[in-house]
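As C-alpha cells, the structure follows; a few thoughts come after it.
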Amino acid sequence: MPLTGHCLCKAVTYKVDVDQPLITAYDHCDDCQRQSGSTYSLVAVVPKEKLQINGPVKRWAGQGTSGKAVHRVFCSECGSPIAHDPEAAPEIIAIKAGTLDTEIKKTLKPDTEIWTVSKLPFCQEHLEKPFDHMPQ
11 MPLTGHCLCK AVTYKVDVDQ PLITAYDHCD DCQRQSGSTY SLVAVVPKEK LQINGPVKRW
71 AGQGTSGKAV HRVFCSECGS PIAHDPEAAP EIIAIKAGTL DTEIKKTLKP DTEIWTVSKL
131 PFCQEHLEKP FDHMPQ
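Using this note's numbering, you'd call the opening residue of the sequence shown number 11 and step up by one each time.
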C-alpha cells in the first residue's frame with residue numbers, strides 16, 4: 011500500500027510508491043524547528059524516485075551543514091511543509107510525517123532521532139541511540 015498524504019488545504023497531494031519509510035525520525039535540527047514552528051519535525055524518509063507530488067508547491071533552498079542546499083517543499087496556497095530535499099543525499103527525500111493520511115501516520119513507529127545537537131533542553135528522550143547529526 012503506498013504512502014499518501016496532503017497539505018492542510020488539500021491543494022497538494024502526494025503518493026510514495028513504498029509500503030514503509032526507509033526511516034521515521036524525530037528531526038531536531040534548527041531549520042525543522044523553524045519550519046514546523048515546533049520543537050522537532052517528524053519525518054518519513056523515502057526514496058525520492060518513488061515520490062509523486064501533485065498541486066501547487068513552492069521551494070525554498072537553505073544551506074545545510076554539508077555546504078549543499080536543502081530544498082524545503084511547501085504548499086504555495088496554505089504554506090504547509092511537505093518535505094525537505096537535501097542535495098547532500100540526492101537519493102532520498104524527507105516527507106513531513108504530519109502530512110501523511112491519518113490512518114497511515116497512526117501506524118508510524120519512529121526509529122531514529124537525528125540532530126540532537128540542536129534538541130531543545132526540555133525535550134524528553136525519544137529513543138535510546140540518538141544521532142548528534144545525521145546517521146552515517
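Just so it is clear, CB atoms sit at the ideal spot from N, CA and C, and this is done for glycine as well. These figures come from a predicted structure and were not determined experimentally.
Counted as a single uninterrupted DSSP element, the alpha helix (DSSP H) harbouring GLN43 occupies residues 40-46. Here VAL67 really is in contact with ILE92; their C-beta atoms are around 6 Å apart, less than 8 Å. The bridge partners DSSP lists for VAL127 come to none. Within the same chain, Cβ atoms closer than 8 Å to the Cβ of GLN43 are found at THR49, TYR50, SER51, SER128, LEU130, the five residues on either side in sequence being excluded. LYS116 sits in coil when the DSSP states are folded into three classes, being neither helix nor strand. By alpha-carbon distance to VAL22, the top candidate from LYS78, THR109, PRO31 is THR109. In terms of Cα proximity to THR14, the closest of PRO120, TRP125, LYS116, GLU97 is LYS116. In this structure ILE33 is in contact with THR122, their Cβ atoms being roughly 5 Å apart against a cut-off of 8 Å. The beta carbon of ILE63 is closer than 6 Å to those of TYR24 in its chain, skipping five residues each way along the sequence.
With fewer than 16 neighbouring CB atoms inside 10 Å of its own CB, GLN73 falls in the exposed class. For VAL26, the uninterrupted beta strand (DSSP E) run begins and ends at 23-26, by DSSP.
In summary, TRP70 is exposed, with fewer than 16 beta-carbon neighbours lying within 10 Å of its beta-carbon over all protein chains present. Contact check for CYS39 against GLY65 fails: the beta carbons are separated by 8 Å or more. The alpha-carbon separation between ALA98 and GLY47 amounts to approximately 24 Å.
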